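S.K.:
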Amino acid sequence: MAEPAQPISFNEYRVRAGNIAVDCREAGSGLPVVFLESLQWGHRPFYEALARQFHLFVLDFEDATVEGAEAAVREMAKSLAGKTYNLAGFSQGANLALRTVLRAPVDPEPAESLVLISPTAIRPNPDLPTLNWVGWADRLLAHKERHSYLGGLPNGWELEGLFSPKKNDGELEEWLPEIKCPTLVAFGTRDRMTAPEAASTYRANIPNCHVSLVYDTAHLVAPDRPEPSPTPS
698 MAEPAQPISF NEYRVRAGNI AVDCREAGSG LPVVFLESLQ WGHRPFYEAL
748 ARQFHLFVLD FEDATVEGAE AAVREMAKSL AGKTYNLAGF SQGANLALRT
798 VLRAPVDPEP AESLVLISPT AIRPNPDLPT LNWVGWADRL LAHKERHSYL
848 GGLPNGWELE GLFSPKKNDG ELEEWLPEIK CPTLVAFGTR DRMTAPEAAS
898 TYRANIPNCH VSLVYDTAHL VAPDRPEPSP TPS
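Per the numbering used here, residue 698 is the first one in the sequence shown, and the count goes up by one each step.
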């Protein structure tokens, strides 16, 4: 019988770019992956799996829409990972990763690949404001036995603010053809945070895009399906 994998030890510290400071967790070696996080529910096993394959930097953006976040991501990623890196994110972190690549300045975008897991910026579901706590829990995790991950779940109105469409996000769809790096977009097959056509919208508009559907998972793909989720190639 194979020995169980040993827990990964993360080095934790603060990083700053301009007036934005965030917590960073670093582990692993090899290909650098900068992961943008805004939802911390149950992702530790997923990050440990990534750190066994890559040099992982997890940046915790509690507010992924703060002004200047895109420029801060670029500056932090370059200082942590070097001139080139792979950029990824969950949910609101995926939206920030998308905006970071699309709103890059004239100089070449250093992200060698882009991984968007459960992004909500394109075609968000218009029914979200009507949800109560139970409705939010069911949208986030398809399996009720895993709702314990949501022990710190805010009130519904706070989640509504977190997941509501952000200013200018409506413009992102028309900019998708500008993405030049290979892109992987992953959705849970039971994710109802976005409209059903969201996945095909990414596939149709990003030139080098692969869409992966993760079976029997809702919005929080990794904790809903503890096995490793889609990773950069």
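Where a beta carbon is used, it is the ideal one built from N, C-alpha and C, also for glycine.
These numbers were taken from a predicted model, which means no experiment stands behind them.
#1: Count the other C-beta atoms from every protein chain shown that fall within 10 angstroms of the C-beta of residue 831, then say buried if there are 16 or more, exposed otherwise.
#2: So who's on the other strand from residue 810, going by DSSP bridges?
#3: According to DSSP, is residue 909 helix, strand or coil?
#4: In three-state terms, what does DSSP make of residue 888?
#5: Mind reading off the beta-carbon distance from residue 718 to residue 819? Whole number of angstroms is fine, and I expect it under 8 Å.
#6: Alpha carbon to alpha carbon, what distance is there between residue 781 and residue 814?
#7: Quick one: complete beta strand (DSSP E) runs, 3+ long, within the segment 745 to 773?
#8: Tell me whether the beta-carbon of residue 821 lies closer than 8 Å to the beta-carbon of residue 890.
#9: What residues are listed by DSSP as bridge partners for residue 880?
#10: Grab me the residues of residue 840's own chain with a C-beta within less than 7 Å of its C-beta, minus the 5 sequence neighbours each way, in chain order.
#11: On the three-state DSSP scale, how would you describe residue 792?
#12: Here's the rule I'm using: 16 or more other beta-carbon atoms within 10 Å means buried, otherwise exposed. How should residue 710 be labelled?
M.R.: Answer, in terms of the structure:
#1: exposed
#2: 783
#3: strand
#4: coil
#5: With 8 Å as the limit, residue 718 and residue 819 do not qualify as a contact, their Cβ atoms being about 29 Å apart.
#6: 21 Å
#7: 752 to 757
#8: yes
#9: 811 and 906
#10: 921
#11: helix
#12: exposed
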